[in-house]
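Below: one structure, written as structure tokens.
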Amino acid sequence: MSSKCAREPGSDDEIEHGSRKRTPVPPTGSHNISYYHYHGPVNNIGEAYNANLGINYGSLSQASYGPLPGAWAPVSRPPIDLVSLLNPILDASHTRNLKVSPPNSKCFPTTRKLVIAIILCWAKADLSWQGPHIMWIYGYAGCGKSAISQTVAEQLALEGRLAASFFFFRGSGDRSKIFRFVNTIAHQLARTRPDAAAVIEEVARSDRGLLSVSSSSLVFQFRHLILEPIATIRASLRHSPVIIVLDGVDECEDKEEVAALIENLIAFFIEDPCFPLRFVVASRVEDHLHRKLHASSQVQLLDLVGHTSNEDIKTALDVSIEKEMRGRNMPRDGSWPDYSDKRRLVKHIGGSYIFMTTIIKLLFAPSIKDGLTPMDRLPKNLGNEAQL
């Protein structure tokens, strides 16, 4: 018999009968403790603590620690063979290096609080509500869809509710295509929900053709690698659904496959309105999806245009200007830009965060060899809106 029991490193417990008397100490955050006691012939001991052995008898104590039933398990790393089996895109989630793998977007502190609160409140609502399973966030280019997706994904991950996230991006190789999308989501799901990892691995190994969209449809892949594994842990999610965040769906080149998946998910949720999975999707609503999304009771549309305030733009502008002024010989007393200039800038920006970024680059870019300082450039740009 081989047993390894928990012990507290550096304990000063007294020695009793030639062995240390120890009380097993559970890992931080563990609950649901099970103790096992054994008395009888001992043939083989790999490592034992709190053991008092006779000629051929021993008393061993063992403790097993785990989360409470239904509690969120901590994020763990899936087996290496599962990673190699699924071949996921490793820079597609909210944990990617934003500077290397765009979109490099994140909400400025204290901005977009209302819209983020709306999304999180919807995502975390009890399943008994039986509301829409898909929230579709849309708006014109530059209104902050990706920044909100990033912030929402990070917050849901902190709360242990995020199952997976995927950020499509045009021209970024596999992240602009659908081929490795499901495999990537399945890999993340195995990490965030270890209780589903074994099912994902079993399904993937039993049907290797399932791992390629050249031999299996996207809908078929998603049903067997995502929906079925979640169904097996449904009891532990009866009150708190898991969330998948998808950003930039309109930037995926495979339009027909994406449309088919969205249609299938809508039909699936209509059949099973209490299924413990929700989607937060940030994307422009393209023509081929417009009618389906607007007509479905399983989709809640959220227009960002109505949730982009001048106050948010002003806050983001202040933060950006302050960041650029660091290390420069410029007034730091708040006198530049003055209130009037800021108000005109906010008006010119018109709710577009991309436009705001362009203005900041024009003011501070060292590549402009005009001999002017940012303070010199500001009135010229404000005086000629067309240049912005």
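Numbering (the numbering used here) for the sequence shown: 110 to 497.
All residues carry an ideal CB built from backbone N, CA and C; glycine is no exception.
Proximal residues to residue i (C-beta, below 6 Å), its chain only, five neighbours per side dropped
i      : result
PHE377 : none
ALA273 : ILE294, GLN297, LEU298 and ILE353
PRO338 : ALA305, VAL308 and ILE309
PHE288 : VAL322
PHE388 : ILE243 and ILE353
PRO483 : LEU472 and PHE473
ALA180 : Only weak support is given to the placement of ALA180: the predicted model assigns it a pLDDT of 43, under 50, and the value that follows is read from those uncertain coordinates. Contacts found: none.
ASN419 : VAL455
GLU366 : ILE287 and LEU327
Host alpha helix (DSSP H) of residue i (start-end)
i      : result
GLN259 : 254-267
VAL312 : 303-315
MET434 : 419-434
ALA404 : 396-404
MET465 : 462-473
VAL408 : Note, VAL408: premise wrong, no alpha helix (DSSP H); beta strand (DSSP E) at 408-412.
TRP231 : 222-232
ILE339 : 337-341
Where the beta strand (DSSP E) through residue i begins and ends
i      : result
SER274 : 271-276
GLN330 : First-last for GLN330: 327-331, but that is the alpha helix (DSSP H), not the beta strand (DSSP E).
VAL455 : From DSSP, VAL455 is part of no beta strand (DSSP E) but of the alpha helix (DSSP H) over 448-458.
LEU355 : 351-356
TYR247 : 243-247
Beta carbon of residue i nearer than 8 Å to that of residue j
i      : j      : result
VAL394 : TYR249 : no
HIS242 : LEU346 : no
LYS401 : GLU372 : yes
PRO211 : PHE278 : yes
PRO382 : GLN264 : no
ASP356 : PHE276 : yes
ILE430 : MET465 : no
ARG270 : LYS233 : yes
ILE463 : LEU454 : no
ILE257 : VAL224 : yes
THR540 : THR260 : Shown here, the chain extends from 110 to 497; a query on residue 540 therefore has no answer.
LEU194 : ARG314 : yes
LEU319 : VAL328 : no
HIS416 : LYS364 : no
Presumed contact (8 Å Cβ cut-off) between residue i and residue j, rounded CB distance
i      : j      : result
ALA262 : HIS203 : 4 Å
SER461 : CYS252 : 6 Å
TRP231 : GLN407 : The Cβ separation is near 13 Å, so there is no contact.
ARG284 : ALA368 : Not really, about 19 Å apart at Cβ, beyond 8 Å.
VAL291 : PHE331 : 5 Å
ALA404 : LYS254 : The pair is not a contact, with the Cβ atoms about 22 Å apart (cut-off 8 Å).
ASP235 : HIS348 : 6 Å
7 Å CB neighbourhood of residue i in its chain, flanking five on each side removed
i      : result
ASP412 : TYR247 and GLY248
PRO488 : none
ILE379 : GLN407
ASP450 : LEU487 and LEU491
THR341 : ALA305 and VAL308
GLU433 : ILE469 and PHE473
LEU370 : LEU327, VAL328 and PHE331
ARG343 : PRO385
ALA335 : According to the sequence displayed, residue 335 carries Ile and not Ala. Contacts found: VAL291, ILE294, ALA295 and LEU298.
Residue i: CB within 7 Å of a non-hydrogen atom of the ligand GDP
i      : result
VAL455 : As far as ligands go, the structure on display features none, and thus does not contain the ligand GDP.
Cβ neighbours of residue i in the same chain (closer than 8 Å, five flanking residues each side left out)
i      : result
GLY480 : none
VAL428 : PHE217 and PRO218
ILE458 : ILE422, LEU426, PHE464, MET465 and ILE468
SER324 : GLY318
ILE228 : MET244, ILE246, ILE257, VAL261, VAL389 and LEU411
LEU207 : ASN213, SER214, LYS215 and GLN259
Interface flag, residue i vs chain C, CB-CB below 8 Å
i      : result
THR467 : Protein chains in the displayed structure number just one, and chain C is not present.
Mind pulling the beta strand (DSSP E) runs of 3 or more residues that sit fully within the segment 372-397? Those beta strand (DSSP E) runs which fall completely within the segment 372-397 and span 3+ residues are 386-391.
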